[in-house]
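*Asks:* Per the numbering used here: the sequence shown ends with 567, consecutive numbering throughout.
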Amino acid sequence: RKVYDKAHFTVLQHMAEVVPYVDEHLAVIRQENPGRSESWVRNKHMSSFNEWLKNRIARLQNLSSETLQWLSQGPEWSATTWQGYDINGYTFHTVKQDSKCTVQNSGLRIEAASDGGRRDQYYGRVEQILELDYLKFKVPLFRCRWVDLRNVKVDNEGFTTVNLANNAYKDEPFVLAKQVVQVFYIVDPCNKKLHVVREGKRRIVGLDNIADEDDYNQHVHGIGQEIPLEEEEEEDEVQYAHVDHEEGLFL
């Protein structure tokens with residue numbers, strides 16, 4: 317259930333109807349576990365919130381939000397995968413699809429908070445594009461490989477460089493597609509092990525006769541494939557840095 321639980325948890329954390337219950341659950345954990353660190357509280361929240369919310373909503377009477385009802389039940393056990401996805405005015409591809417193209421579209425950036433509350437810019441690449449099916453609506457997610465924040469540097473001229481070979485935060489791979497900004501990675505001419513980050517440009521109104529941003533967000537690439545959300549993917553040759561989770565993508 318690991319992949320299913322992680323993907324569902326990511327969706328729940330960023331739905332307006334769920335926010336009050338996120339705060340309630342965190343408060344319950346802190347009250348029942350005095351003296352625990354915020355890092356411990358967050359990990360406990362991540363591992364138990366999905367089931368807690370399902371039971372919490374089931375006990376409510378006269379629930380006014382149908383969306384909250386469907387969210388609490390969780391998505392279908394299978395998800396649709398795509399090779400590419402148009403959202404936020406960007407065209408995103410998976411890393412695998414990028415390897416077949418002359419244009420790079422798998423890079424992304426998102427602002428997220430660490431345990432201490434500091435907000436940082438996290439960089440990564442899209443490994444997988446998923447649509448979770450909550451029966452009444454679908455939610456697009458990107459499964460990402462994140463660059464270790466310790467390998468993100470800003471030089472004196474304001475250029476950001478990253479080491480794409482050093483990855484971390486594997487326990488938080490998912491992000492809502494609508495939350496990200498596209499970036500491109502260009503090999504640093506001074507150090508071939510590093511890449512310079514360049515911001516992508518949004519393209520919406522006027523593209524392919526699209527007059528509304530919501531219409532743009534409907535576009536997908538390739539043929540959708542149904543896959544089960546059951547187990548973790550096998551490890552590949554890229555090693556992930558071990559971190560103590562004092563920092564992470566707590567959006």
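Ideal Cβ placement from N, Cα and C applies to all residues, glycine included.
Which residue wins for smallest C-alpha separation from Val512, given the options Val497, Lys486, Leu446 and Leu480?
*Replies:* Leu480
*Asks:* Looking at C-alpha atoms only, which residue of Asn349, Leu448, Gly474 and Trp462 is the closest neighbour of Pro489?
*Replies:* Ranked by Cα distance from Pro489, the options Asn349, Leu448, Gly474 and Trp462 are led by Trp462.
*Asks:* Going by beta-carbon coordinates alone, are Val499 and Gly516 separated by less than 7 Å?
*Replies:* yes
*Asks:* Can you tell me which of Lys452, Lys508 and Arg459 puts its alpha carbon nearest to the alpha carbon of Thr383?
*Replies:* Lys452
*Asks:* Which two residues bound the contiguous beta strand (DSSP E) that contains Trp368?
*Replies:* Where Trp368 is concerned, there is no enclosing beta strand (DSSP E), although the alpha helix (DSSP H) it sits in stretches over Glu354 to Ala374.
*Asks:* Spatial neighbours of Leu328 within its chain, please: C-beta separation below 8 Å, excluding the five flanking residues on both sides.
*Replies:* Val334, Val338, Phe365, Asn366, Leu369 and Leu387
*Asks:* Kindly indicate the opening and closing residues of the alpha helix (DSSP H) around Gln399.
*Replies:* Element bounds for Gln399: n/a, residue is neither H nor E.
*Asks:* Taking only three categories from DSSP, how would you classify Leu448?
*Replies:* Here Leu448 sits in strand by DSSP.
*Asks:* I'd like the list of long-range same chain contacts for Tyr320, defined as Cβ closer than 6 Å, with 5 residues on each side in sequence excluded.
*Replies:* Leu545
*Asks:* Indicate the three-state DSSP secondary structure (helix, strand or coil) for Thr326 in the structure shown.
*Replies:* helix
*Asks:* Taking DSSP as the reference, what is the three-state secondary structure of Leu457?
*Replies:* strand
*Asks:* Mind checking whether Thr477 and Lys469 have CB atoms under 7 Å apart?
*Replies:* yes
*Asks:* Between Thr407 and the rest of its own chain, which residues show a CB-CB distance below 7 Å, the 5 nearest in sequence each way excluded?
*Replies:* Gly400 and Asn421
*Asks:* Taking the beta carbon of Thr326 as the centre, do at least 16 other beta carbons fall within 10 Å, making it buried, or is it exposed?
*Replies:* buried
*Asks:* By a C-beta neighbour count over all protein chains shown, 10 Å radius and 16 as the cutoff for buried, is Asn483 buried or exposed?
*Replies:* buried
*Asks:* How about Phe365: is its C-beta nearer than 7 Å to some C-beta of chain C?
*Replies:* As a matter of chain content, chain C is missing from the structure shown, which is built from one protein chain.
*Asks:* Roughly how many angstroms separate the alpha carbons of Pro336 and Lys412, rounded to a whole number?
*Replies:* 38 Å
*Asks:* What are the start and end residues of the alpha helix (DSSP H) that includes Glu427?
*Replies:* No alpha helix (DSSP H) holds Glu427; the beta strand (DSSP E) holding it covers Gly423 to Ala429.
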